[in-house]
Each structure stands twice: as C-alpha cells, then as structure tokens.
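K.L.:
Sharing a structure below in structure tokens format, with a few things to ask.
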Amino acid sequence: MTVARQLLCTSLLFLTGLTTAQTLTGRVTDEATGEALPYASIYVQQTGTGATTNIEGRYELKLRGGSNTIVFQYLGYQTQVVNVESSRGSLDVQLRTEALDLDQVEVLSGAEDLSYSVIRRAIAKADYHRNQVDRYTADVYLKGKGKVDKIPKLYQKLVPKEERKEVTEMIGKSFTSETTSRISYTRPNTFTEEVVSKYVVGEENFSVSGYIFSSFYQPEVASVVSPLSPKSFAYYKFEHEGVFLDQGKLINKIRVIPRSRGEDVFEGYVYIVQDDWALHSLDLRTYGMGFTIDIKVNYNEVADRIWMPTTTTIEGSGGIIGIKISASYIASTSNYDIELNPDLGGYVEVIDEKTQPEAAATTRRENQVAGYEETLESGGELTRKELMKLMRNYEKEEQEATDKPEVVGNYTFKDDSVKTIRDSAAWEAVRPIPLTQEEIVGYRYQDSIARVERLDSIAEARGEKPPSESKPGKKPLPPALRFDVSPDLQFNPVEGYAVGAKFTKNLRRTVVEDTSSHKVKFGELSLRTRYGFAWKRGSWELDYRNWTNKQGAGKYYISGGRYLRQFDASPAIDPILNSFTALLWGDSYVRLYERAYGTAGYSKRFSDAFKLGGSVTYEDRRAVRNTTDHRWGGEDDFAYAPNQPFNEERGAVNRVENAALLEVQAAWRPGLKYLIRNGRKRMIENSAPTLGFRVQTGLPSLAESVSDFTLLEASYRHRFEAGRKGAVNLLIRGGAFVSNTYVDFPDFKHFATSEIILTRLDPIGSYRLLPYYRNSTGEEYVEVYAHYQFRKLLLTNIWQLHLMGLKEDLFVNYLYTPTSEHYTEVGYSLDNLLRVLRLEFVTSFRDGKYDDFGVRLSFTTTFGGGDDVDDEF
Numbered sequence: 027m028t029v030a031r032q033l034l035c036t037s038l039l040f041l042t043g044l045t046t047a048q049t050l051t052g053r054v055t056d057e058a059t060g061e062a063l064p065y066a067s068i069y070v071q072q073t074g075t076g077a078t079t080n081i082e083g084r085y086e087l088k089l090r091g092g093s094n095t096i097v098f099q100y101l102g103y104q105t106q107v108v109n110v111e112s113s114r115g116s117l118d119v120q121l122r123t124e125a126l127d128l129d130q131v132e133v134l135s136g137a138e139d140l141s142y143s144v145i146r147r148a149i150a151k152a153d154y155h156r157n158q159v160d161r162y163t164a165d166v167y168l169k170g171k172g173k174v175d176k177i178p179k180l181y182q183k184l185v186p187k188e189e190r191k192e193v194t195e196m197i198g199k200s201f202t203s204e205t206t207s208r209i210s211y212t213r214p215n216t217f218t219e220e221v222v223s224k225y226v227v228g229e230e231n232f233s234v235s236g237y238i239f240s241s242f243y244q245p246e247v248a249s250v251v252s253p254l255s256p257k258s259f260a261y262y263k264f265e266h267e268g269v270f271l272d273q274g275k276l277i278n279k280i281r282v283i284p285r286s287r288g289e290d291v292f293e294g295y296v297y298i299v300q301d302d303w304a305l306h307s308l309d310l311r312t313y314g315m316g317f318t319i320d321i322k323v324n325y326n327e328v329a330d331r332i333w334m335p336t337t338t339t340i341e342g343s344g345g346i347i348g349i350k351i352s353a354s355y356i357a358s359t360s361n362y363d364i365e366l367n368p369d370l371g372g373y374v375e376v377i378d379e380k381t382q383p384e385a386a387a388t389t390r391r392e393n394q395v396a397g398y399e400e401t402l403e404s405g406g407e408l409t410r411k412e413l414m415k416l417m418r419n420y421e422k423e424e425q426e427a428t429d430k431p432e433v434v435g436n437y438t439f440k441d442d443s444v445k446t447i448r449d450s451a452a453w454e455a456v457r458p459i460p461l462t463q464e465e466i467v468g469y470r471y472q473d474s475i476a477r478v479e480r481l482d483s484i485a486e487a488r489g490e491k492p493p494s495e496s497k498p499g500k501k502p503l504p505p506a507l508r509f510d511v512s513p514d515l516q517f518n519p520v521e522g523y524a525v526g527a528k529f530t531k532n533l534r535r536t537v538v539e540d541t542s543s544h545k546v547k548f549g550e551l552s553l554r555t556r557y558g559f560a561w562k563r564g565s566w567e568l569d570y571r572n573w574t575n576k577q578g579a580g581k582y583y584i585s586g587g588r589y590l591r592q593f594d595a596s597p598a599i600d601p602i603l604n605s606f607t608a609l610l611w612g613d614s615y616v617r618l619y620e621r622a623y624g625t626a627g628y629s630k631r632f633s634d635a636f637k638l639g640g641s642v643t644y645e646d647r648r649a650v651r652n653t654t655d656h657r658w659g660g661e662d663d664f665a666y667a668p669n670q671p672f673n674e675e676r677g678a679v680n681r682v683e684n685a686a687l688l689e690v691q692a693a694w695r696p697g698l699k700y701l702i703r704n705g706r707k708r709m710i711e712n713s714a715p716t717l718g719f720r721v722q723t724g725l726p727s728l729a730e731s732v733s734d735f736t737l738l739e740a741s742y743r744h745r746f747e748a749g750r751k752g753a754v755n756l757l758i759r760g761g762a763f764v765s766n767t768y769v770d771f772p773d774f775k776h777f778a779t780s781e782i783i784l785t786r787l788d789p790i791g792s793y794r795l796l797p798y799y800r801n802s803t804g805e806e807y808v809e810v811y812a813h814y815q816f817r818k819l820l821l822t823n824i825w826q827l828h829l830m831g832l833k834e835d836l837f838v839n840y841l842y843t844p845t846s847e848h849y850t851e852v853g854y855s856l857d858n859l860l861r862v863l864r865l866e867f868v869t870s871f872r873d874g875k876y877d878d879f880g881v882r883l884s885f886t887t888t889f890g891g892g893d894d895v896d897d898e899f
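Just so we're aligned, residue 27 is where the sequence shown starts under my numbering, counting upward by one.
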C-alpha cells in the first residue's frame, strides 16, 4: 500500500481552514439519475475555503458573512457556480454530464491528433508552473480508511506460532485516520507539514511526510512517469476527446494511453486548460506491487492563472502473495496563501513549432533581435524549445546559487501526539467531509476498541496485566538480562553434525553533553559458540562493536577466538544449503581451516560521500581434515572429497600458514544528491556511482607470520536508467598483487559463485557456474558484472504476468585471471516470481568456447538496490 499512499500524496495540498460562520449543507447529485456524486469538490472563491462530498454526496461548508460564490466540480460533469447568502442553511445541487464540443477546437495542419500539440505545450510549461509560486501556505484535511481483506491459510501457518493469533486477527480489521495539517512551501524545494490535529483508530502503518509534496508537473510521481514528463511521448500515446467550457475557460480532455502497460505508467485522462496549458483535473490509474491505484485530482484557479489542487481522492486494492488489502483516501486543500515569483510575472504564450511553424519562425526571429531573457518576467511569445531552455537555465542558476546545490529536497514534518483529538464535537467543527451514518456507527465501535487498547498500553507500561487479557502474562526479564539468541545447526564433513548459537547483547546508552544536546552510544557484544560431534571439538569467538549517532563519528570493533572459517571469508558457500547437499547427495562444497585470531578495525564517514576504514589482523592458522563420511543413505564405501580446495595456481591446498594482515579501504560517491527530512540528510540511492579502493598487505616476521604481499584493488558500481526500456546495473572491479613473495591461500582473491542450484548470493557481484576456488588468484584479476533489467522483454509482454510484478533480466559476467581463460557467463533471469523468487538460466564460456550450462534459483532482490557506501566495507 505504500505506492497507493505515495500516489495520493502526489497532489496532496489540501484542507479547509474553517472560520466561525454559518454552515451550508446539502447534497450533490447527477441531474439525470439523481445518484449521489461522492467526493465532489466544493470551493468558495472569496475565501479559498472548500469542502468535499462524502460517499452519499452530502457536504457541509462554512460560509463567511454576506454573499459567497461557490464552485461545485465533479470530473465528467459541468461545473456549477452558485451565489449564496450566508443566511441560507441548505442547498442541493444537481450537476449535468459534461457535453464535449469538438467544434470549438482550433484546426491544425496535418493529420496529427490535436492532443499532441496540447501535451507538447503543457510539457513545455510544466517547469514554469512549478516555479510560478515563490511560497505558499495551505490548510490540509486528510481522511483515510482501509483493511486487510484476506490472508491465505498457508501464510498464517508459516508465521511463528506466537505471532499466528495476531496475524489471524488482522483479517477484516480496519483502520481509520483523520488529520488536519498546515503546509508551507518555499521555492525551490523546502516543504514543511505541521499536524494540527489527528484521529487514528487501528494500525494504519503509512507515512505521508515524504510524499505529499510531489507534483504532476514533475517528471515522475512516486516512480511513475507523469504524462507531463519531458520523456512522456516515449511512454504514452494521447487522444483528444473534445473540449468544454468551465467558468469561461476552455478545457481539453486528453486520453492518456500507455504505449506499453506497466507499473511505471498511468492510464486515464488529463484535463488541460487552453492557453494556460495548466492542469485542470485528472483521472488516472496505475499499478504497483500487485495493487490497482486510482487517483482523481481537481485543481482550482486560486489566483490569476495559478491552478492548485483542491481535492484529491485515491482508491487502492490488491495484494501480494495472496494477501489482499483495500484502502481509500480523500484530501481537501483550502486557504491557500500565495506569494508569486516576480521572475515569472508575465503571461507567456507558447508556440508549438510542429503545428505552428510559421508563427514559430517569426517568434524566433523576433526573439533573436530583441532577446527573450526578459520574456519570463514581462510576458510575450516563446516557442516550446525556447521556454524549456529558459526554464532549465533558470533552475540551474538558482540551484547553483544555493549553499547546498546537492540537496534536491528539504522536508520537515512536525507531529505532536498530544494533539490527537477524539472528541466528536471538536472534529465536527473542522471536518470538511461529513460522516455517513455507517461511519458514525463505525467510529463509536472503533472508539470502544481504541479505549481498551489504550488501557492495555497503560497497564503494560506499568508492568501490570492488560485488562483485555484473561490469562496472567509473563513478567519480562530486566533489560540487563535480555539478549538475542541465533541458533546454529549445520553439517559438514569436518565437524559432522555441529550445534551452536550466537548470543548478542545490545549495549545502548544516552550521554547528555550539555543542557541542549545529547548523543546515543551504541554497542554490541556477541559470543558465538559451536561444537562438532564428529570432530569432538568446540569453537568460539567474541566480538565487540561500538559507534554513536553523532555525525562524523567513527565506528570500531575488536574480535577474536578460535573458530573454523571458509577459505573465502564471504563466505563462499551457504552452510545451511551445503548441509542439505552433503546429507542428501554427498556433495559437500565447504572447505574449512581453523584459525586462532585477533582483529581490530576502525571506520569513519567523513561525509555521506566518503568513508575510510582499516583493520589489522593476526591469524594462527591450522589445516583440518574430514572426520566423517556420514550421509543420509547411499553406498557403504562412500567418502567425501578431501577438505582441500583445488586451485589452478596452487593445485590441491593442504596446508596454511600464519598471517599478519593490514588492510585499508575507502569508498567515494562523487556527485551524490540528497533529500533533507526533518533536518537530517538522506542520500538518494543511485544518484551517484560508488568508487571503491582497497589495499591489503601481509606483514612478514610479525610474530610467526609468513605472509608477504601487497594487494591493490579498485572498483566502480552504478545503477542507472537506460531510457524507457529498462535499467542497467554495472560493477567493474580489478586488482593486482603488486608484490607476492608469499600469499597464503586464504589471502588469495576469491570470487563469489555457486555450484548449488539454490543460492543466496547477490546477483550483482557473483558468478553462477564458476567452480569454487578453481580460478582464485594471487596475481592480477578483472571482474565485470553487467545486468540489464527490461521493462518488458518476452513473458513480461503478457499483461497478467507483468501485473504480478514479473521482471526479466539479461546479464553478462566476465572474469580474467591468469588461469580463467577469459571466463564469461551469459544469462537470462525471471525475477520477482510470485514476488519472492528469482530463476536464472546461465551458459558459460572459456576463450569463447562453450563450457557449461546451469539453472539457479534464489530469493528475489531489488534490482540495483544498494550503491550504499557501507556496502563496500
């Protein structure tokens, strides 16, 4: 439902700042049928206040003293303007279906549909409209309700037993929320929302603070391409269905048709004001994560040629893996207080070069002589291209002039829970949408439930038994005795059956630095133990980490113990998957050595774009052998392969040496962009590539270390859109042992891969068919991982599959080492199967000749997610 809430809030600039005055009530209906028109927009021109009808078509509207001009609007119906005295108590309004008129449309040369000329000019003016207002404030009313309609029985049985009752009770349980807020905006990108009052029953679990300031004049709305995006024509076709008059303005009705249906496009209608080329209203549908989302927005002319949204409705329904959810939201905006941008004070007439070539040529000649730099301020004629170029330069200069040009949005959300209002009379005074009779009954019932939940919360805070529970609850352990336990059960030929656990204690405390500030210190202490029954030995390791929430503060860790480790510390093979392949089929891929070690490390983020870290480690290494040939079934003379990795450079590795290691790593993201939310900067993922650097050195003669080498490594990773066709994820990494007097095999460069059909590796940065350890190297190497995720390719052209979230990828992975023979993988994958699985078909080549074919199955991943600096070390 996150996408549904995002889409509602794209146009969310709303409410009714109601004054104490007379109340006008009534009902808005269809003139022909008498049917109620739900969520009709009602707007008072003199005050800028407004209201919206409820599902029954009823409304309540506060009026100022004297005469009021009231505008009644509903998509697909003729707008009705009525003058009403404040003394009038009721007014029922019947709206007539809009009659589209094709005769008033200007005749254009050529066979092109008129809609394209309208949309071209609206796109050209989109940036202009976004910058027309320097700052504004508005009052917002938002009402939402929804529920979980279905949870599959299988899913209910899969959840932990202690959570099963809670999951079952969610079915049919609804939430209701009402919020009044004050919104302020300062150009170009500073927004503030302050909650005035709220009413919440049930668990809504939605947050709008990050999304309510989007606009359909922006290129994208909640990751969906806007019909007014500069790249709109690559995604949409348009049809002109006629015009109609609304308060003296000619309105174009344009049908929006996706060239290829999908989750990143809309379908429906946009209504464009003639000559202003501004949005009048819209009625659109999109799809996301298995949900169907319908959005309707009404705009009003709150000042001369300034059109702002006043009513927004969103309805969403759908689900994922069988869980069905439905929700609806309605938002009303009023009391706009606007300060115009003096730089855009003139009326700009847009000339379409394609349909008005002669006028465009004349305009260009005149502007070349007279100059057009002052046209934005004083008004005049501009071609589409001239206007778009002027606005691009205007926005670029303004952004560069700010002290933080890398910040693309600054959002502040203020919510004081003390302002929660549950008093019915108080809400009647501020609610612009009257409750239906069903909602009145429902609110009473939900209030009774909420009252019980509040009493339970109070009791739990006191350590008492909640009143709603008939059985006494267990008294929780004191915080000092609480820790997390992660069990560890596996099998491998070295240990046999191994049983262990990881015990983790979170250490957090708040340090008051002065009367106005404090910092939180975080710490984590963990102990991991394991015992191998065939090996008849135990292992242990202790780890401590410490960091704070202070900006720019460092993070350090220290750990040590005696424990078994894979030669590739990534680790190369998932221990649980290996346990099953060993016991079922006798194929154990894990190769282990024992180390008694100590390590300490420190890292610091000097900025969001640059991080530096290092570590020093000493390992007393020992080779270990298999102690069991146990498996489930099979031949009596069965034996596992020796615990010796085979490598083209070293052969069978049957010994390891002590090592002292020093490592330094850095990660840099040049050009990183940010959003600011509540004063905290948040990186915009994929806004910049990640450059990684690593140096590792073996220190000979330190204690009993024999390692003597220096490794230099660099990497580049980035995800970027490739037009409308898809997205590219690229990782290039290369390095060399510039000195390699002695490189022990655990210190070789190893490459992530999977010989098991089931894998949990990151698809970006791992091979699929490369044999474990075979091409690990102590020399030079180059890795390339290039993945392309198509918007649509083969199966994704089937709408039902596309709607289910299916993705198709093509990928090429390449590896160069002195022994790899230019190893290359070419693959095709079906991602997001059933929303959780990824199926891959892969072929490998060496020196251009066929090598192998395989199928891999894994859990789905967010393609390209994670260019985070922390991913580098």
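Backbone N, C-alpha and C define an ideal beta-carbon position, used for all residues, glycine too.
Among Thr75, Pro64, Tyr742, whose alpha-carbon lies nearest the alpha-carbon of Tyr103?
P.N.:
For the purposes of this step, residue 103 is identified with residue 77 of the sequence shown, where counting begins at 1. The shortest C-alpha separation from Tyr103 is found at Pro64.
K.L.:
At a cut-off of 7 Å, is Leu756 close to the ligand HEM when judged by its beta-carbon and the heavy atoms of the ligand?
P.N.:
Only the bare structure without any ligand can be found here, which leaves the ligand HEM out of the picture.
K.L.:
When DSSP builds the beta bridges, which residues end up paired with Ser352?
P.N.:
As a first step, residue 352 must be located in the sequence shown, where it is residue number 326. Per DSSP, Lys173, Ser343.
K.L.:
Given Phe672, which residues of its chain have a CB within under 7 Å of its CB, disregarding the five upstream and five downstream residues?
P.N.:
Counting from 1 along the sequence shown, the entry for residue 672 is found at position 646. So the qualifying residues of the chain are Ala678, Tyr799, Arg800.
K.L.:
Using three-state DSSP, classify Asp894 as helix, strand or coil.
P.N.:
Here residue 894 refers to the residue found at position 868 when the sequence shown is read from its first residue. Here Asp894 scores only 41 on pLDDT, less than 50, and its place in the model is too uncertain to base an answer on.
K.L.:
Taking C-beta to C-beta, are Leu158 and Leu305 nearer than 8 Å?
P.N.:
In the sequence shown, counting from the first residue as 1, residue 158 sits at position 132. In the sequence shown, counting from the first residue as 1, residue 305 sits at position 279. For the record, residue 158 in the displayed sequence is Gln; it is not Leu. Not in contact: Gln158 and Leu305 (Cβ atoms no closer than 8 Å).
K.L.:
Hey, is the segment 343 to 362 in contact with the segment 315 to 330, meaning 3+ C-beta pairs nearer than 8 Å?
P.N.:
yes
K.L.:
With a 10 Å radius around its C-beta and 16 neighbouring C-beta atoms as the bar for buried, classify Val54 as buried or exposed.
P.N.:
The residue labelled residue 54 in the question sits at position 28 within the sequence shown. Looking at its Cβ environment, which holds 16 or more other Cβ atoms inside 10 Å, Val54 is buried.
K.L.:
Check this for me: beta carbons of Asp369 and Glu341, under 8 Å apart or not?
P.N.:
As a working note, residue 369 is residue 343 in the sequence shown. As a working note, residue 341 is residue 315 in the sequence shown. No, Cβ-Cβ distance for Asp369 and Glu341 is not below 8 Å.
K.L.:
What does Lys88 pair with, by DSSP beta-bridge criteria?
P.N.:
Start at 1 with the first residue of the sequence shown, and residue 88 comes out as number 62. In the DSSP output, where bridge partners are listed per residue, Lys88 has Thr49.
K.L.:
In this structure, does DSSP put Val881 in helix, strand or coil?
P.N.:
Taking the first residue of the sequence shown as 1, we reach residue 881 at position 855. Here Val881 sits in strand by DSSP.
K.L.:
What is the C-beta distance between Arg711 and Ala685, in whole angstroms, given that I count them as a contact (C-beta under 8 Å)?
P.N.:
To locate residue 711, count along the sequence shown from 1; it is residue 685. To locate residue 685, count along the sequence shown from 1; it is residue 659. Checking the sequence shown, residue 711 turns out to be Glu, not Arg. The Cβ separation is near 37 Å, so there is no contact.
K.L.:
Using a Cβ-Cβ cut-off of 7 Å (strictly less than) and excluding sequence neighbours within five positions of Pro284, which residues of its own chain qualify?
P.N.:
Looking up residue 284 in the sequence shown gives position 258. Only residues of its own chain outside the window of five on either side were considered, and among them Tyr261, Tyr262, Val291, Glu293 have a CB closer than 7 Å to the CB of Pro284, listed in chain order.
K.L.:
Using 8 Å as the Cβ pair cut-off and three pairs as the minimum, do the segment 395 to 409 and the segment 98 to 115 touch?
P.N.:
no
K.L.:
For Asn419, does the three-state DSSP call read helix, strand or coil?
P.N.:
Position 393 of the sequence shown, counted from the first residue, corresponds to residue 419. It is helical.
K.L.:
Checking the sheet assignment: what are the DSSP bridge partners for Phe517?
P.N.:
Reading the sequence shown from its first residue, position 491 is the one you call residue 517. BP columns for Phe517 point to Tyr523.
K.L.:
Could you check what DSSP says for Tyr211 in three-state terms: helix, strand or coil?
P.N.:
Residue 211 sits at position 185 when you count from the first residue of the sequence shown. The answer is strand: DSSP assigns Tyr211 an E or B state.
K.L.:
Whose CA, out of Asp514, Tyr589, Ile68, lies closest to the CA of Asn326?
P.N.:
On the sequence shown, residue 326 is found 300 positions in, with the first residue counted as 1. Asn326 has its Cα closest to that of Ile68, out of Asp514, Tyr589, Ile68.
K.L.:
CB Lys169 to CB Tyr355, shorter than 8 Å?
P.N.:
The residue labelled residue 169 in the question sits at position 143 within the sequence shown. The residue labelled residue 355 in the question sits at position 329 within the sequence shown. A contact, by the Cβ cut-off of 8 Å.
K.L.:
For Thr79, tell me which candidate among Ser565, Phe636, Gln99 has the shortest Cα-Cα distance.
P.N.:
Sequence index remark: in the sequence shown, residue 79 carries index 53 (1-based). If we check each option's Cα against that of Thr79, Gln99 comes out closest.
K.L.:
Could you round the C-beta distance between Val251 and Ser241 to whole angstroms and report it? I think they count as a contact, below 8 Å.
P.N.:
Looking up residue 251 in the sequence shown gives position 225. Looking up residue 241 in the sequence shown gives position 215. The Cβ separation is near 14 Å, so there is no contact.
K.L.:
Val323: buried (16+ other C-beta within 10 angstroms of its C-beta) or exposed?
P.N.:
Your numbering for residue 323 matches position 297 in the sequence shown. Counting Cβ neighbours within 10 Å, Val323 comes out buried, since at least 16 surround it.
K.L.:
Tell me whether Arg146 is buried or exposed, calling it buried when 16 or more other Cβ atoms sit within 10 Å of its Cβ.
P.N.:
Counting from one through the sequence shown, the residue named residue 146 turns up at place 120. Label assigned to Arg146: buried.
K.L.:
Could you tell me if Arg488 is buried or exposed, where buried requires 16 or more neighbouring beta carbons within 10 angstroms of its beta carbon?
P.N.:
Mapped onto the sequence shown, residue 488 falls at position 462. Because Arg488 sits at a pLDDT of 47, beneath the cut-off of 50, its placement in the model cannot be relied upon, and the following sentence gives the value as read from the coordinates. With fewer than 16 Cβ atoms within 10 Å of its Cβ, Arg488 is classed as exposed.
K.L.:
With distances taken Cα to Cα, identify the nearest neighbour of Pro256 among Met417, Arg281, Gly371.
P.N.:
In the sequence shown, residue 256 corresponds to position 230, counting from 1. Pro256 has its Cα closest to that of Met417, out of Met417, Arg281, Gly371.
K.L.:
Considering only their Cβ atoms, is the gap separating Tyr615 from Val650 smaller than 8 Å?
P.N.:
The count along the sequence shown starts at 1 and reaches residue 650 at position 624. The count along the sequence shown starts at 1 and reaches residue 615 at position 589. Against a cut-off of 8 Å, the Cβ pair of Tyr615 and Val650 comes out as no contact.
K.L.:
On the CB-based measure, 16 or more other CB atoms within 10 Å of its CB, does Ile824 come out buried or exposed?
P.N.:
Numbered from 1 along the sequence shown, position 798 holds the residue referred to as residue 824. The residue is exposed, with fewer than 16 neighbouring Cβ atoms inside 10 Å.
K.L.:
Determine the closest residue to Asp878 out of Glu851, Asp857, Leu865, Phe885, with distance taken between C-alpha atoms.
P.N.:
Looking up residue 878 in the sequence shown gives position 852. The option with the nearest alpha carbon to Asp878 is Glu851.
K.L.:
Report the residue from Lys171, Ser141, Arg208, Lys199 whose alpha carbon sits nearest the alpha carbon of Asp165.
P.N.:
The residue given as residue 165 occupies position 139 in the sequence shown. For the residues Lys171, Ser141, Arg208, Lys199, the minimum Cα distance to Asp165 belongs to Arg208.
K.L.:
Looking at Leu89 and Leu50, is the spacing between their C-beta atoms short of 8 Å?
P.N.:
Within the sequence shown, numbered from 1, the residue matching residue 50 stands at position 24. Within the sequence shown, numbered from 1, the residue matching residue 89 stands at position 63. Yes, the Cβ-Cβ distance between Leu50 and Leu89 is below 8 Å.
K.L.:
In angstroms with no decimal places, state the Cα-to-Cα distance between His155 and Asp175.
P.N.:
In the sequence shown, the residue the question calls residue 155 occupies position 129. In the sequence shown, the residue the question calls residue 175 occupies position 149. Approximately 41 Å, taken between the alpha carbons.
K.L.:
Please name the residue, chosen from Arg534, Ala665, Glu57, that lies closest to Lys547 on a Cα-to-Cα basis.
P.N.:
In the sequence shown, the residue the question calls residue 547 occupies position 521. Considering only alpha carbons, the answer is Arg534.
K.L.:
So the candidates are Lys775, Trp573, Tyr373; which of them puts its Cα closest to the Cα of Ser404?
P.N.:
In the sequence shown, residue 404 corresponds to position 378, counting from 1. The option with the nearest alpha carbon to Ser404 is Tyr373.
K.L.:
To the nearest angstrom, how far is the alpha carbon of His744 from that of Phe837?
P.N.:
Sequence index remark: in the sequence shown, residue 744 carries index 718 (1-based). Sequence index remark: in the sequence shown, residue 837 carries index 811 (1-based). The straight-line gap from Cα to Cα measures roughly 15 Å.
K.L.:
My assumption, with CB atoms under 8 Å, is that Phe264 sits in contact with Ile277. Please give the rounded CB distance.
P.N.:
As a position in the sequence shown, residue 264 is number 238, starting the count at 1. As a position in the sequence shown, residue 277 is number 251, starting the count at 1. About 15 Å separates the two Cβ atoms, so there is no contact after all.
K.L.:
Among Trp573, Ile459, Leu860, Gly874, whose alpha-carbon lies nearest the alpha-carbon of Thr886?
P.N.:
In the sequence shown, the residue the question calls residue 886 occupies position 860. The residue with the shortest Cα to Cα distance from Thr886 is Leu860.
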